[in-house]
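Colleague: One structure, as structure tokens, below. Some questions next.
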Amino acid sequence: MMTKRKSSHHSVRVKKKFLTGFTLLEVVVYVALLGVLSVFVVNSFMQVVNLYARARAEREALANARGMLEIIVKNVAQAQEVYTPTSRFNIDAGQLSLVTNATSTLGHTTSYIDIWTDGGAAMIRSEGAGNVTLSAGSVRVTKLYFERIVQAIGREAIRVTIRVDAAGAKFPASVTLISTAAIRGNY
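As structure tokens, this is what we get:
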């Protein structure tokens, strides 16, 4: 029976020890753990924010490059022929001039379409109309490369390479797209 009294007296002493508070060592350990956890949470949050900014810049560059390439390829496919005197092939800042009847004005059977870059922006102009910017202000077109592919007499295609960089983005984002379109007037 005495043993039980000792254990009950011992348990009372243990309970009193827990009721008196924390030791200095326990406080230091808890503060250190809280500090490490806080640094981890803040670092993880910053990485998520940076990843979002990078993905946004890449998405902006890709969306602009796709849109420009679709417009260029559509105009090439609708063209009757390439107007070579004003076209510049095989250079990064190329220019493509097309003869088309898709945008011809009243009294004319054909018209001209020009596609080029100016100051980092892709431009298009139809005969009788003003210049239209194809690219958004948030991107820079760093390469607009036109390659003329002559397959046989009277059959040609244009390979378009376009490189778009996100302008002013915290993280550099760049995309290069390549497409080839046959000139409809040749078939």
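Numbering (the working numbering), first residue to last: 419 to 605.
Glycine included, each C-beta is placed from N, C-alpha and C at the ideal position.
Please read these numbers as outputs of a predicted model, since none were measured by experiment.
#1: State buried or exposed for E444, treating a residue as buried only when at least 16 other CB atoms are found within 10 Å of its CB.
#2: So L562 packs on T535, CB below 8 Å; how close in whole Å?
#3: Just to confirm, are V578 and V559 a CB contact at a threshold of 9 Å?
#4: Grab me the residues of A511's own chain with a C-beta within less than 6 Å of its C-beta, minus the 5 sequence neighbours each way, in chain order.
#5: Excluding sequence positions up to five away, which residues of its chain have a Cβ less than 6 Å from the Cβ of V550?
#6: Classify I531 as buried or exposed, calling it buried when 16 or more other Cβ atoms lie within 10 Å of its own Cβ.
#7: Tell me the DSSP bridge mates of T551?
#8: Could you tell me which residues DSSP pairs with L514 in its beta bridges?
#9: Quick one: does G537 have its CB under 9 Å from some CB of chain C?
Modeller: Here's the rundown:
#1: Burial is judged here by how many other beta carbons sit within 10 angstroms of a residue's own beta carbon; E444 has fewer than 16 and is exposed.
#2: Contact between L562 and T535 holds: CB atoms are separated by about 5 Å, below the 8 Å threshold.
#3: Cβ atoms of V578 and V559: not closer than 9 Å.
#4: The residues are T535.
#5: Contacts found: I542.
#6: Buried: at least 16 other Cβ atoms inside 10 Å.
#7: T551 pairs with M541.
#8: According to DSSP, residue pairing for L514 in a beta bridge involves I533.
#9: Among the protein chains of the structure shown there is no chain C, as only one such chain exists.
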